[in-house]
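Q: I'd like to ask you about the structure that follows.
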Amino acid sequence: MIIPLLVLHLVKVSFSLFLVDQAELAMLVGTMRRATILVLLIALSSVIAPLPLEALNVRGHLLKSKTFLSPAFFLHPGSVSNKFYYDVPFPRGHLALKSFNAEVVDENGVPVPLHETYLHHWVVEPYYALKNSDSADAQKRPKGIIARNSGVCKKTLGQYYGLGSETRHTATWVPDPYGIEIGNPEKPPEGYEEKWLINVHAIDTRGVIDKLGCTECKCDLYNMTIDEYGRKLPKDYIGGLYCCYDETQCKVKEGFNGELRKLFLRYTVTWLDWSDAVVPVKIYIFDVTDTSPPDEKSGTACKVEYQVEECSPENRAKNECIDVKVTKEVIPCGGDIVFGVAHQHSGGIGASLHGQDGRLLCASIPSYGKGEEAGNEDNYIVGMSTCYPKPGSVKVSDGEVLTVVSNYSSDRQHTGVMGLLYILVAEQEQPTPKPALCFSFPVPWCLPTWLTSNL
């Protein structure tokens, strides 16, 4: 992924040189011409030369990468693990995150296919941990404070990264010169330090009587009438997260025996050291289930999941078995969208984000597998297309009302589905005001800025 980006950058440089007016070229002194050629040769050699396995020089900055393993989790046929792991291994320091890729592997490091262990989701986010929790003063302070993204949900979807079954074939690369800022020493409250947590929700579907039903968390397959906190489920709630929480069990075929598996989330983080050359981006996640009016958004109405009903006989006869869910969200701070991707479950056929005037900001389409091997599992979403707009070409304004659209096939009923849009936004830089024109004679005085602004 990185090599094509560098080659594209070189092509742009070469093309821009070609477009320079010939008279201007003639005015370039020989030393400048030789310096330009030298820079291009150095850049070209960096593309042709073999690349280090865990580091690459990007725009003069060292790109670093490291692979980690989550704590082990254990699954037997039909079982569910939905655990939160705190203080997980993660790069430390003031950094710019460039990508985060993950997949489920067994204890031998072999990728596990979705039809054996379904990865419902993983999320990763920073939090601030109390440094000295044993002190007397610490007893009055929370031991941890979640460091959430920029919105828009207040109590859910606060992650920095998060995917599901599509994780193996969905790009997470943050394009240059942008980066997700982490580890800023000025961000944690006094007495706290930044750490990271990972939540992994996995379902073992070996030998179950209904694989899709188990992955969609149908309550009858889990024999669930209460949630994990002991609260009775509504009668019309027939499937979703409330029925497949940690250590629940989906129904397995009679007589099926399967071994207990030791599994891990293997994740690879790529980053740069933070510098003035990196442009920070804000993370926004929009949820199609947030159906409150835009002018009354509290950010607490994000339900995360919803249900798709089977299409009517009339619509089936017209071959119109598509469920379309739409909502409107307000983006607090505008800027340039530099990346976008959707998250959907099986049955999803795409999601999109639109501006207040209806313009398309990003459309993300799922790809389904056609085989048995990990990364190509038949009838599972194995990837989501991503949006990488040309820098500065896709803009949103402060407080703009955006429209979120999520489309699913309604050829059959689906429970616990999601329609999320994840975007990265670089805030537009405000022009630096020109300094006032000041004098020191006969006494210190300055012209008003309104008079000098057009000088």
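Numbering-wise (the UniProt record's numbering), the sequence shown opens with residue 1 and increments by one.
Cβ coordinates follow ideal geometry from the N, Cα and C atoms, glycine included.
Please read all numbers here as calculations on a predicted model, not as lab measurements.
Rounding to the nearest angstrom, what Cα-Cα distance links Y267 and L360 in this structure?
A: Going from the Cα of Y267 to the Cα of L360 covers about 32 angstroms.
Q: C219 lies in the alpha helix (DSSP H); which residues open and close that run?
A: Looking at the DSSP string, the run of the alpha helix (DSSP H) that includes C219 is 219-222.
Q: Which residue from N108, F74, K66, S79 puts its Cα closest to that of P89?
A: Out of N108, F74, K66, S79, K66 has the C-alpha closest to the C-alpha of P89.
Q: Can you tell me the Cα-Cα spacing of D176 and K390, whole angstroms?
A: Their backbone Cα atoms lie some 11 angstroms apart in a straight line.
Q: Are the stretch 328-343 and the stretch 391-407 in contact at 8 angstroms, needing three or more beta carbon pairs?
A: Touching, yes, given that three or more Cβ pairs across the two stretches are closer than 8 angstroms.
Q: Do the CB positions of F256 and G207 come within less than 8 angstroms of each other?
A: For F256 and G207, yes; Cβs fall inside 8 angstroms.
Q: Is the beta carbon of I238 less than 8 angstroms from the beta carbon of C219?
A: Against a cut-off of 8 angstroms, the Cβ pair of C219 and I238 comes out as a contact.
Q: Please give me, in chain order, every unbroken run of the alpha helix (DSSP H) with length at least 4 that falls completely inside the stretch 213-256.
A: Complete alpha helix (DSSP H) runs here, min 4: 219-222.
Q: Which of helix, strand or coil does DSSP assign to K303?
A: Coil, per DSSP.
Q: Taking DSSP's pairing of strands, which residues face K328 in a bridge?
A: Looking at the DSSP assignment, K328 forms a beta bridge with T403.
Q: Helix, strand or coil for E181? Go by DSSP, reduced to three states.
A: Reduced to three states, the DSSP call for E181 is strand.
Q: For D131, count neighbouring C-beta atoms within 10 Å of its own C-beta (all shown protein chains included) and say buried if the count is 16 or more, exposed if not.
A: Before going on, a small fix: residue 131 reads as Lys here, not Asp. Exposed, by the Cβ-count rule.
Q: Please tell me whether P217 and L197 are closer than 8 angstroms, where the distance is taken between their beta carbons.
A: The residue asked about is misnamed: residue 217 is Cys in this sequence, not Pro. No. Outside cutoff.
Q: Would you kindly work out how many angstroms separate the C-alpha atoms of E193 and G383, rounded to a whole number?
A: Each residue's Cα considered, the two are about 35 angstroms apart.
Q: Give the single residue among V278, K211, C387 whose Cα lies nearest to the Cα of I365.
A: Nearest C-alpha to I365: C387.
Q: I need the straight-line Cα distance from R168 to I182, nearest angstrom please.
A: So the alpha carbons of these two residues sit roughly 24 angstroms apart.
Q: Just reading off the alpha helix (DSSP H) that E314 is part of, what are its end residues?
A: Run containing E314: 313-317, per the alpha helix (DSSP H) assignment.
Q: Hey, how far is the Cα of E373 from the Cα of Y85?
A: Each residue's alpha carbon lies about 28 angstroms from the other.
Q: If you pair each beta-carbon of the stretch 141-154 with each one of the stretch 105-112, do three or more pairs fall below 8 angstroms?
A: At 8 angstroms Cβ cutoff, the stretches do not touch.
Q: On a CA-only basis, which of Y368, S410, E329, G340 is nearest residue 464? Give me that one, please.
A: Residue coverage of the chain in this structure runs from 1 to 455, which leaves residue 464 outside it and unanswerable.
Q: Could you give the distance in angstroms between the alpha-carbon of N376 and the alpha-carbon of Q344?
A: When rounded, the distance between both Cα atoms is 17 angstroms.
Q: So which of P71, L75, L63 has the shortest CA-CA distance to E259?
A: Closest option to E259, Cα to Cα, is L75.
Q: Can you find the residues in the same chain that come closer than 7 angstroms, C-beta to C-beta, to W274, ignoring five residues on each side of it along the sequence?
A: If we look at W274 and ignore the five residues flanking it on each side, its Cβ neighbours are H94, L95, A96, E181.
Q: Kindly list the residues whose CB is nearer than 8 angstroms to the CB of Q307, restricted to its own chain and excluding five residues on each side of it in sequence; keep chain order.
A: Answer for Q307: I238, G239, G240, Q413, H414, T415, G416, V417, listed in chain order.
Q: By alpha-carbon positions, which one of A342, K370, P313 ends up nearest to N407?
A: Comparing Cα positions, the closest option is A342.
Q: Does DSSP put H201 in a helix, in a strand, or in coil?
A: Three-state DSSP puts H201 in a strand.
Q: W122 to L420, Cα distance in whole Å?
A: Spanning the two alpha carbons is a distance of roughly 14 angstroms.
Q: What span of residues does the beta strand (DSSP E) with W122 cover, start to end?
A: Run containing W122: 117-130, per the beta strand (DSSP E) assignment.
Q: Kindly indicate which residue of L233, F264, M224 has the alpha-carbon position closest to the one of K251.
A: Minimum Cα distance to K251 is reached at M224.
Q: Does the beta-carbon distance from L265 to S70 come in below 8 angstroms?
A: Cβ atoms of L265 and S70: closer than 8 angstroms.
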